[in-house]
Each structure stands twice: as structure tokens, then as C-alpha cells.
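Quick mapping for you: the protein sequence lines, in order, are chains G and S.
Letter by letter, the first sequence follows residues 5 to 276 in the numbering used here.
Letter by letter, the second sequence follows residues 2 to 313 in the numbering used here.
All C-beta atoms in this analysis are idealised placements derived from N, C-alpha and C, irrespective of residue type, glycine included.
Because the structure is a prediction, the values reported are computed rather than measured.
Each remark here refers to the structure printed beneath this line.
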Amino acid sequence: MNTLMKSKPLNQNPIQPKQEHKKTVIEVNRLNLWYGEDQALKDIHMNIPENKATAIIGPSGCGKSTFIKTLNRMVELIPTVKITGNIFYREKNILDPKYRVEELRTRVGMVFQKPNPFPKSIYENVAYGPKIHGIKKKKILDEIVEKSLRDAAIWNEVKDRLHENAYGLSGGQQQRLCIARCLAIEPDVILMDEPTSALDPISTLKVEELVKKLKENYSIIIVTHNMQQAARISDQTAFFLNGELVEMDHTSKVFSNPRDKRTEDYITGRFG
Amino acid sequence: MKKHLSVSELIQQNKQKSRAFASIREKTIPFILFICAVISVFTTLGIIFTLLFETFTFFNRVPFIEFITSKEWLPFFESDPSYGILPLLSGTLVVAVIAMVAAIPLGLTAAIYLSEYASERTKRTLKPILEVLAGIPTIVYGFFALTFVTPLLQKFIPDLSFFNALSPGIVVGIMIIPMVASLSEDAMNAVPNSIREGALGLGATRFEVAFKIVLPAALSGIIASFVLAISRAIGETMIVTIAGGATPTLGFDVTSSIQTMTAYIVQVSLGDAAYGSTIYYSIYAVGITLFVFTLIMNLLAQYISKKFREAY
């Protein structure tokens with residue numbers, strides 16, 4: 005509630021949904037981002053609720069991937085990037101240079117567009133995160149690996165081949181392994197950047213089921229090209245266009261009764 | 002005038018004009034290319050054949066067992082010459098080991114820096130400079146070893162003789178740094194960025210990404226670069242001829258004069274060994290030993306990089 009009170013005055017943007025009874029996990033405030041001279045994000049305000057799935061939709065190049073990569077500061081890997089504004093994660097400004105980016109990324113995990121397992125065994129892939137954060141005991145690691153793989157709904161498929169190379173798995177299995185790898189360090193928020201765009205329909209369905217289950221315990225932000233997917237799995241939907249946040253509301257509302265003409269044009273397939 | 006028709010008509014006309022020439026060209030060019038490719042293969046075969054042929058003559062005069070077991074290489078003794086390859090082999094290996102001890106840490110750290118830490122701009126400046134090292138003629142390295150490195154080392158090691166294994170070993174190492182660095186960097190660069198991002202996304206530091214993800218993933222390429230560098234160090238001639246001396250000694254004393262296989266071949270080639278003498282034939286036997294070693298190294302490098310390549 006406290007966060008909400010504080011964010012109210014900044015909330016001049018009329019398109020923000022009312023978020024009564026919900027805690028905000030990430031609060032984005034006047035976020036602008038440039039790649040060199042090109043402005044990719046324009047004055048974004050957004051409150052991301054806890055333990056919900058927030059979908060981000062919009063046509064290619066609208067800034068949706070840039071936006072979620074900003075939430076764990078992965079976007080800074082691009083040397084020409086310039087950011088202004090504030091992003092509060094649990095009330096701390098993560099864009100503050102003093103905020104340790106490694107600390108942020110252990111709390112805000114990420115699943116990428118293309119499955120990117122490490123060229124190691126399935127076990128090592130999941131154990132890597134806990135290991136770099138100082139967990140060394142084999143017994144504990146074994147437990148973490150099993151729990152993470154179970155939570156990512158892939159344990160039954162891989163339990164007999166934990167020590168085989170992860171590249172022997174199918175694309176869909178690799179992506180669920182990457183989700184397990186992300187869960188292994190027990191993040192608070194999970195960012196998903198078009199996690200199913202490289203997968204076949206059945207694997208996509210499995211990942212979607214997984215997202216629905218995971219949002220009980222995690223706050224999920226998922227970028228997707230696929231509007232049906234957004235409608236199926238998310239509680240909130242944000243529509244981005246040309247670097248601007250056009251509209252954000254409950255998913256059912258965005259899809260049935262959008263406030264903005266541009267949103268309506270997009271979801272009815274008139275462009276994009 | 003229908004414009005869209007004229008283009009296809011023009012193509013049709015040109016085709017008919019040039020068809021005769023085109024069909025000859027399409028048939029002869031692959032043949033000429035094939036001949037060029039075959040020439041290099043035959044050259045290699047010719048060299049191997051010559052080596053084998055002359056080596057065969059050598060082993061008719063000197064028993065093979067003596068060649069590989071005798072601990073002395075004294076071909077210039079008129080009364081009782083001795084042809085044991087071991088002293089030349091130990092000279093070669095000592096230099097190669099010193100070279101690798103110098104080159105691996107420096108080359109690998111340079112590669113890690115270039116691949117994982119350097120900005121695009123730094124990399125564009127540093128890599129060509131590093132590769133200049135590979136372009137310096139080895140004779141220049143040779144007198145660099147003799148006139149600069151040896152006197153410098155003598156300040157720290159007073160017992161170091163003027164010709165020794167240490168100084169050329171270090172300089173051969175410097176010479177192969179670009180090879181180690183460049184090939185290792187290529188191997189690390191081949192690791193897709195998505196894998197680095199995966200690790201960074203878990204809160205890994207750049208150091209953890211470099212040493213726990215990229216290095217193991219690129220290990221096969223890195224080891225292959227080491228093996229190729231060893232092969233290069235074994236075959237290196239000028240530096241060891243100039244700064245290593247001409248005293249074949251079995252053992253691993255790095256401070257005194259040695260002789261490597263390559264340096265021996267130079268010595269005999271420059272000297273007045275009569276055609277047909279045993280000394281003359283001995284350089285072929287030494288040459289083929291050298292060839293076998295570098296061949297094994299190169300095959301090993303290929304095997305390692307294929308067998309242990311990580312699929313990504």
C-alpha cells in the first residue's frame with residue numbers, strides 16, 4: 005500500500021490501471037532510453053503487480069524487448085545505451101549506479117527468446133546459478149536441481165539423464181531447462197522475452213501451462229508476439245507502440261474493451 | 002513498346018551469343034582448379050617421398066636401434082661417430098617446453114582479455130598489433146634472443162652461458178604468443194553471446210562468465226591452439242640456431258648450450274658435409290623425426306578440436 009501511495013502523484017498518466025489490494029513489485033517512473041541517437045523508450049510509467057503475469061505486447065521494434073531488458077539492466081550490455089528515469093524494484097532504484105547489477109539479476113531472473121542452455125550437463129546447467137552464489141554442498145545442490153526441474157515441469161523427462169549434455173534435449177525441453185536454471189536461484193521476478201517464439205505449438209503449450217503455475221509464486225513479465233498467448237496466460241497486458249506505453253490494464257479489459265484506438269487497431273489485426 | 006518484355010528478350014539474345022563460350026568455360030575452369038589443388042598435394046607427397054628415401058639409406062648405414070637409443074649425437078667424430086637422436090630431441094623439447102611455459106599464460110590471458118573484456122575499439126587496435134608479432138621474421142627474433150635476452154638473463158643468472166636453451170626458449174615463446182592468443186580468442190568468440198547472456202542473467206559477474214562458462218565451452222579450441230603452438234615451437238629453426246648453440250646434450254639443463262633437431266639440420270646444410278656421406282643422410286633422418294613429431298601434433302590438434310567440440 006505504501007508504494008501505491010507514493011506512486012500516486014507520479015501517476016499522471018491516465019492509462020494506468022487501478023491496482024487496489026495489490027502490491028507493486030516493480031515501479032517504472034519516467035523511463036526514457038536511447039540507443040545512440042534513437043529513442044527506443046519514451047516516458048514509460050508502469051506498475052507491475054506482485055504474483056501476477058504481466059504481458060507486454062506490441063509490433064516488432066516497439067521497444068517491448070528493450071523494456072524488459074531494462075528491468076534487469078541487461079540492456080546495458082549494448083555500449084551506446086543511455087537511460088534516464090527511475091525503476092524501483094521493491095522500493096529501491098535499480099538504475100542507481102550503486103545498485104549492484106549481479107544482486108539485481110539474482111532477484112530478477114530472465115528467460116530468453118532462444119533457449120540458451122550452457123554447453124554443460126543438464127545438472128550443471130541448473131546448479132550453475134546456486135554455485136556462483138556460493139552454494140557448494142552437493143546434497144543441497146542435488147535438492148535444488150531436483151526441485152527446480154520439477155517446478156519447471158521437466159523433471160520426469162530428464163531425471164535419468166541429468167549428466168548428459170543439455171544440447172541433446174529438444175528445443176522445448178531446452179527452454180524449460182532454462183526456466184529451471186532461472187528458478188534455481190529462487191528469483192522474485194521472472195522476465196520472459198518471447199520465450200515460446202522458437203518453439204513448436206506443443207512445447208509452447210507446456211511453457212504456457214508452466215507460466216500459469218509459476219505466477220502463484222513469482223511475478224512474471226512476459227513479452228510476446230502472440231496476442232492469444234497474452235490473452236491466455238496474463239492478468240495484466242501492456243501495449244507498446246513506437247517506444248510508448250499506449251495502454252495497460254487487466255488483460256480481459258485490454259482485449260475486450262481497449263481504451264485507446266491504437267490498441268484496438270492492433271489487437272483486431274489492423275496493423276502489426 | 003512494352004518495357005517489361007525487352008529485358009527478358011535481351012537476356013535471351015545474350016544467352017545465345019555467349020552460350021558456346023560459357024559451356025567451354027564451365028568445363029575447363031574446374032579442371033584448372035583441380036590441377037592447382039593437386040599440385041600442392043603432390044608437392045607434399047614428393048617431399049615425404051624424398052625424406053623417406055634418403056632416410057632409408059641412412060638406416061642402411063646406422064642401425065635404427067642406435068638412432069633411437071644411443072645417448073650421444075657425435076656425427077663429426079671421424080673415428081667413432083655416434084648417431085643417437087635423443088640429445089637433439091631433448092634440446093628440441095626443452096626449448097618447446099620453455100616456449101609453452103612463456104606463451105600459454107600470456108597468450109591465454111591476452112585472449113581472455115580480448116574476447117571477454119576489451120571494448121570493440123580496444124580490440125580493433127590491439128589485435129592487429131599483437132598479430133604484428135607473428136609477422137616479424139624469425140631471424141630478427143634470433144638475434145633479439147642472442148643480443149638482448151641472453152645478456153639480460155645473464156644479469157640474473159650469472160652461470161648462463163652465451164648459448165643456452167633458456168633465452169631462445171623464451172623468445173620462441175614470445176613468437177608463438179600471437180598464435181595462442183589469436184586462435185584461443187577465435188575459439189572463445191565462437192561461443193554464442195546468448196550463452197554469456199544466460200549466465201549474466203543469473204547474476205554472474207564478468208569474471209564468472211569468462212572463467213566458468215566461456216573458457217570451458219571453448220576449451221577444445223584453446224587446447225588445439227596450444228598443440229599447434231607446440232608444433233610450431235618444435236619446428237622453429239632460426240632462433241634456436243642463432244641463440245641455442247651447437248652442442249647436442251642429453252638432459253634438461255637450460256643454462257648451457259644445446260642443439261635442436263632443426264639447428265642440426267642448418268649446421269650440416271651450411272657446412273661441408275659431402276654428398277653421400279653418412280652425415281649428409283643423417284639430416285634426412287632428423288628431418289623425418291621432426292616431421293613425424295609435428296605431424297602427430299597437428300593431427301592431435303585436429304582430433305581434439307573435433308572430438309571435444311561443444312555443440313552450440
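Chain S has no Cβ within less than 8 angstroms of the Cβ of Cys66 (chain G). A Cβ-Cβ separation of about 3 angstroms places Ala103 (chain S) in contact with Gly174 (chain S) under the 8 angstroms criterion. Put simply, the segment 124 to 142 of chain S does not touch the segment 222 to 232 of chain S. Fewer than three CB pairs are less than 8 angstroms apart. In the DSSP secondary-structure assignment, Pro53 (chain G) is bridged to G:Thr28. Counting of Cβ neighbours within 10 angstroms places Asn129 (chain G) among the buried residues, the total reaching 16 or more. DSSP places Tyr222 (chain G) in the coil class of the three-state scheme, outside both helix and strand. Counting C-beta pairs with one atom in each stretch, the segment 204 to 217 of chain S and the segment 98 to 117 of chain S have three or more that are closer than 8 angstroms, which means they touch. Beta-bridge analysis with DSSP links Trp38 (chain G) to G:Gln43 and G:Lys86. Taking 8 angstroms as the upper bound on Cβ-Cβ separation, chain G lies near residues Gly202, Leu203, Gly204, Ala205, Thr206, Glu209, Lys213, Ile214, Pro217 and Ala218 of the segment 202 to 226 of chain S.
Among the residues facing chain G, Glu117 (chain S) is not included, as its CB has no counterpart in that chain under 8 angstroms away. Your pair Gly108 (chain S) and Ile178 (chain S) checks out as a contact, with CB atoms roughly 5 angstroms apart and the cut at 8 angstroms. One Cα belongs to Pro159 (chain S), the other to Ala244 (chain S), and the distance between them is close to 17 angstroms. Proximity of Ser19 (chain S) to chain G, defined by a Cβ-Cβ separation below 8 angstroms, is not satisfied. At a Cβ-Cβ threshold of 8 angstroms, Thr241 (chain G) and Ile61 (chain G) count as neighbours. At least one beta carbon of chain G lies nearer than 8 angstroms to the beta carbon of Gly199 (chain S). Counting only residues of its own chain and dropping the five nearest sequence neighbours on each side, Glu186 (chain S) has a CB closer than 7 angstroms to the CB of Ala112, Leu115 and Ser116.
Contact between Met298 (chain S) and Ser232 (chain S) holds, with the beta-carbon distance rounding to 4 angstroms and staying under 8 angstroms. Proximity of the segment 234 to 249 of chain G to the segment 60 to 79 of chain G meets the contact definition, three or more beta-carbon pairs being nearer than 8 angstroms. Proximity of Ile136 (chain G) to chain S, defined by a Cβ-Cβ separation below 8 angstroms, is satisfied. Taking C-beta atoms as the reference points, Ile226 (chain G) and Ala57 (chain G) count as a pair closer than 8 angstroms. Think of a sphere of 7 angstroms around the beta carbon of Met114 (chain G): the chain S residues whose beta carbon falls inside it are Gly202, in chain order. The C-beta of Pro191 (chain G) has 16 or more other C-beta atoms within 10 Å across all chains shown, which makes the residue buried. Classified as buried, His49 (chain G) has 16 or more neighbouring CB atoms from the shown chains inside 10 Å of its CB. In terms of beta-carbon proximity, Arg109 (chain G) lines the interface with chain S, with at least one pair separated by less than 8 angstroms. Against chain S, a Cβ distance below 8 angstroms from Ile189 (chain G) picks out Leu203 and Gly204.
For Ser120 (chain S), the neighbours in chain G by C-beta distance under 9 angstroms run, in chain order, Pro83.
For Gly133 (chain G), the chain S residues whose Cβ falls inside 7 angstroms of its Cβ are Leu203, in order along the chain.
When the beta-carbon positions are compared, Leu81 (chain G) and Ile91 (chain G) stay at least 8 angstroms from each other.
The segment 199 to 208 of chain S makes no contact with the segment 286 to 305 of chain S: fewer than 3 CB pairs, one atom from each, lie closer than 8 angstroms. Positions of the alpha helix (DSSP H) runs, each at least 4 residues long and wholly inside the segment 153 to 204 of chain G, are given as 159 to 162 and 175 to 187 in order along the chain. In the three-state reduction of the DSSP assignment, Ser221 (chain S) falls in the helix class, which pools H, G and I. Nearest Cα to Leu89 (chain S) within the set S:Ser258, S:Cys37, S:Phe22 and S:Lys16: S:Ser258.
Under the DSSP definition of a beta bridge, Met252 (chain G) partners with G:Ala242. One thing to note: Leu251 (chain S) has its Cβ no nearer than 8 angstroms to the Cβ of Lys28 (chain S). Assigned with DSSP and collapsed to three states, Ser195 (chain S) falls in helix. Sequence-distant Cβ neighbours of Gly40 (chain G) in its own chain, meaning closer than 6 angstroms and more than five residues away, are Thr84.
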